[in-house]
Amino acid sequence: MTSKKVIKSAFESMLYVWGQLLPAGDAAEIFDISKDEAIEYFEELAAEYEQEGRGILIRRVNDSFQFVTRGDNEEFVRRLCTPVKIKKLSQAALEVLAIIAYRQPVTKGEIDSIRGIKCDRVIEGLMKKELIEDLGRSDAVGRPVLYGTTDAFLKNFGFESLKDLPEIENIEGIINVDDDTDDEVEDDSRQITIEMEGEDVRNN
Numbered sequence: 016m017t018s019k020k021v022i023k024s025a026f027e028s029m030l031y032v033w034g035q036l037l038p039a040g041d042a043a044e045i046f047d048i049s050k051d052e053a054i055e056y057f058e059e060l061a062a063e064y065e066q067e068g069r070g071i072l073i074r075r076v077n078d079s080f081q082f083v084t085r086g087d088n089e090e091f092v093r094r095l096c097t098p099v100k101i102k103k104l105s106q107a108a109l110e111v112l113a114i115i116a117y118r119q120p121v122t123k124g125e126i127d128s129i130r131g132i133k134c135d136r137v138i139e140g141l142m143k144k145e146l147i148e149d150l151g152r153s154d155a156v157g158r159p160v161l162y163g164t165t166d167a168f169l170k171n172f173g174f175e176s177l178k179d180l181p182e183i184e185n186i187e188g189i190i191n192v193d194d195d196t197d198d199e200v201e202d203d204s205r206q207i208t209i210e211m212e213g214e215d216v217r218n219n
């Protein structure tokens with residue numbers, strides 16, 4: 016039987032080589048252990064990195080893990096990697112993303128109803144950015160597509176899981192859109208710049 020020390024050492028190497036989020040289940044299969052055991056070992060590794068104040072940390076996103084740089088070193092990483100790649104999300108995109116995050120699984124019709132405006136182009140854009148995904152079909156009439164957020168959404172916004180989302184009692188209350196403004200105008204004129212952590216935080 017492979018020792019915990021050997022497995023943790025291997026997991027460390029696997030994280031470095033893999034680069035992307037590494038599902039604990041995939042790592043567990045390598046050693047024929049349970050996913051829960053793999054998660055335990057990853058969490059122990061993460062704690063060790065944190066306790067030692069290392070420049071590289073292990074981030075958990077649902078049941079997957081990935082190497083990331085320590086936030087305190089952001090300025091120095093920026094200097095090395097400038098120009099930093101920036102992705103922009105319009106106000107419309109942020110609103111739709113918020114609705115999906117808090118209401119998922121949710122249909123386009125439900126999103127349109129909350130915003131009071133059609134969101135086809137916005138949803139298409141979020142799909143291309145891999146922040147949302149198709150979760151299947153609703154049982155409602157016409158069987159519309161159900162949308163939900165992805166692990167990429169969690170990673171880019173710094174959440175470990177959906178449980179980390181800030182509490183909002185009424186999602187409709189924070190959505191305030193001028194019905195006379197279409198999505199095309201919103202996308203071009205009301206942009207909010209956010210830094211997508213997945214673009215510059217990983218430093219393998």
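As numbered in this note's numbering, residues 16 to 219 make up the sequence shown, in order.
The beta carbon of each residue, even a glycine, is placed where N, CA and C say it ideally should be.
Small disclaimer: the values here were computed from a predicted structure and weren't measured.
Selection from the options that minimises the alpha carbon distance to residue i
{"i": "Asp179", "options": "Arg136, Val21, Tyr56 and Arg75", "result": "Arg75"}
{"i": "Phe168", "options": "Leu146, Val156 and Leu36", "result": "Leu146"}
{"i": "Thr122", "options": "Thr17, Ala155 and Lys50", "result": "Ala155"}
{"i": "Met29", "options": "Gln66, Ile73 and Asp51", "result": "Ile73"}
{"i": "Leu104", "options": "Asn171, Ala42, Ile45 and Glu55", "result": "Asn171"}
{"i": "Phe46", "options": "Gln35, Val21 and Glu67", "result": "Val21"}
{"i": "Leu141", "options": "Gln81, Ala113 and Tyr64", "result": "Ala113"}
{"i": "Tyr56", "options": "Glu65, Pro120, Ala39 and Phe91", "result": "Ala39"}
{"i": "Ala107", "options": "Leu36, Cys134 and Tyr31", "result": "Cys134"}
{"i": "Gly173", "options": "Gly86, Ile115, Leu150 and Tyr64", "result": "Gly86"}
{"i": "Gly163", "options": "Gly157, Ile115, Arg69 and Gln35", "result": "Ile115"}
Burial state of residue i, where buried means 16 or more other Cβ atoms lie within 10 Å
{"i": "Lys143", "result": "exposed"}
{"i": "Arg130", "result": "buried"}
{"i": "Thr84", "result": "buried"}
{"i": "Phe26", "result": "buried"}
{"i": "Ser128", "result": "exposed"}
{"i": "Ile132", "result": "buried"}
{"i": "Ala62", "result": "exposed"}
{"i": "Leu95", "result": "exposed"}
For residue j and residue i, believed in contact at Cβ under 8 Å, the rounded distance
{"i": "Arg136", "j": "Glu125", "result": "Incorrect: roughly 17 Å between the Cβ atoms, too far for contact."}
{"i": "Ile71", "j": "Phe82", "result": "6 Å"}
{"i": "Pro120", "j": "Leu150", "result": "5 Å"}
8 Å Cβ cutoff, residue i in contact with chain B
{"i": "Met142", "result": "The structure shown has no chain B; it contains just one protein chain."}
Whole-angstrom distance between residue j and residue i, CA atom to CA atom
{"i": "Glu58", "j": "Glu89", "result": "23 Å"}
{"i": "Val160", "j": "Ala53", "result": "34 Å"}
{"i": "Thr97", "j": "Ser18", "result": "42 Å"}
{"i": "Glu175", "j": "Asn77", "result": "6 Å"}
{"i": "Glu110", "j": "Ser153", "result": "22 Å"}
{"i": "Leu177", "j": "Arg93", "result": "28 Å"}
{"i": "Ile138", "j": "Glu67", "result": "42 Å"}
{"i": "Val32", "j": "Asp166", "result": "20 Å"}
{"i": "Lys23", "j": "Lys50", "result": "14 Å"}
{"i": "Phe91", "j": "Arg69", "result": "14 Å"}
{"i": "Arg158", "j": "Glu148", "result": "16 Å"}
{"i": "Leu36", "j": "Ala42", "result": "11 Å"}
{"i": "Leu60", "j": "Glu44", "result": "18 Å"}
{"i": "Gly34", "j": "Ile183", "result": "34 Å"}
{"i": "Tyr64", "j": "Met16", "result": "26 Å"}
Any non-hydrogen atom of the ligand COA closer than 7 Å to residue i Cβ
{"i": "Glu52", "result": "This structure lacks the ligand COA; in fact it carries no ligand of any kind."}
message: Threshold first: 4 residues or longer. Then list the alpha helix (DSSP H) segments lying entirely within the stretch 101-137, N to C.
response: With a minimum length of 4 residues, the continuous alpha helix (DSSP H) runs that stay inside the stretch 101-137 are 106-118 and 123-130.
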